[in-house]
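Report on the following structure.
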Amino acid sequence: MRILHKVLVLTTLLSLAACKATKNTASVEDLASAKIIATHYKTHPQFETLAARLKIKYSDPETNQSVTVSLRMQKGETIWMSASVLGISLAKAMITRDRVQFYEKIDGTYFDGDFELLSDLLGTVLDYDQVEALLTGQPIYDLRNGGFSAGSTSSRYLIAPRKQSKLFNLFFYLNSGAFTLQEQRLTQQEENRDLTIQYGDYIQEQNGYFPSEIHVRAQEAEKTTTIDIEYRGIDFKADVSFPFNIPGGLKEIKL
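Here the sequence shown stands for residues -17 to -1, 1 to 238, numbered as in mature numbering (1 follows the signal peptide of the UniProt record, and there is no 0).
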């Protein structure tokens, strides 16, 4: 069982493995785009702490599993997860602004490193804010930094870099009514890779909107991996703690 490890890799690493947004100063012609982007960020709920239960279903050509995960978050500081099956704790993970840690009891492995190590491995900048954004229904890049333009389709707004990378294409789709994030997509056509992160219905909380579901689909050649995340019992005012100790006797994962 490596379910939490796989979830973390796909929802925090694979989604960022080939991406680096460009930052340019917006021109007069981009005022409409800036308004759409600014309106989206007003939909984000204001909270300091979050506690929730996640129902996660993971599927790839070799594995089909479900796991219950306890999620705790101190906004902007700490993300903590504990995975269990039938009430038995199997794995834990803790992500802070300068450290990434997780372990799995069944496989007997652990990782303890920082974002710089992961960024070097992936060849692109990876940070805490991107992980938090993905889990809370926000774009993995701050669209307010410039370099993005917005346009409307028949049913939603499409936001994309003004100049797409030669290595990949990046797209964000917003609900045309509520301006919530419906989908973020990364494609690498030459490598036949496609990653789609879709968000289900949103609940209105803390003067904003929070996703009730997250659906991740990673396609690479003929291999398809999916992760379905359902939020349950969300508490935006929870007193949270983050107990985390890597048990002895586990084998370190070397990157």
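The beta carbon of each residue, even a glycine, is placed where N, CA and C say it ideally should be.
The structure presented is a predicted model; accordingly, all values stated were derived computationally and were not measured.
Legend entry - Identified DSSP bridge partners for residue 135: 140
Legend entry - Span separating the alpha-carbon of residue 63 from that of residue 74: 11 Å
Inset, instruction - Express the C-alpha separation of residue 59 and residue 133 in angstroms, rounding to a whole number. - result: 27 Å
Inset, instruction - Use the C-beta contact count for residue 135: other C-beta atoms within 10 angstroms, 16 or more gives buried, fewer gives exposed. - result: exposed
Legend entry - Cβ-Cβ distance between residue 34 and residue 52 below 7 Å: no
Legend entry - C-beta contact flag for residue 139 and residue 159 at 7 Å: yes
Legend entry - Span separating the alpha-carbon of residue 131 from that of residue 46: 38 Å
Legend entry - 8 Å contact criterion, which residue 214 and residue 120 should meet: CB distance rounded: Not quite, the Cβ-Cβ distance comes to about 10 Å (not below 8 Å), so this is no contact.
Legend entry - Per DSSP, the bridge partner or partners of residue 96: 83
Inset, instruction - Mind checking who residue 225 pairs with in its DSSP beta bridge? - result: Answer by DSSP bridge pairing: none, since residue 225 is not bridged.
Legend entry - the stretch 190 to 206 in contact with the stretch 226 to 235 per 3-pair CB rule at 8 Å: no
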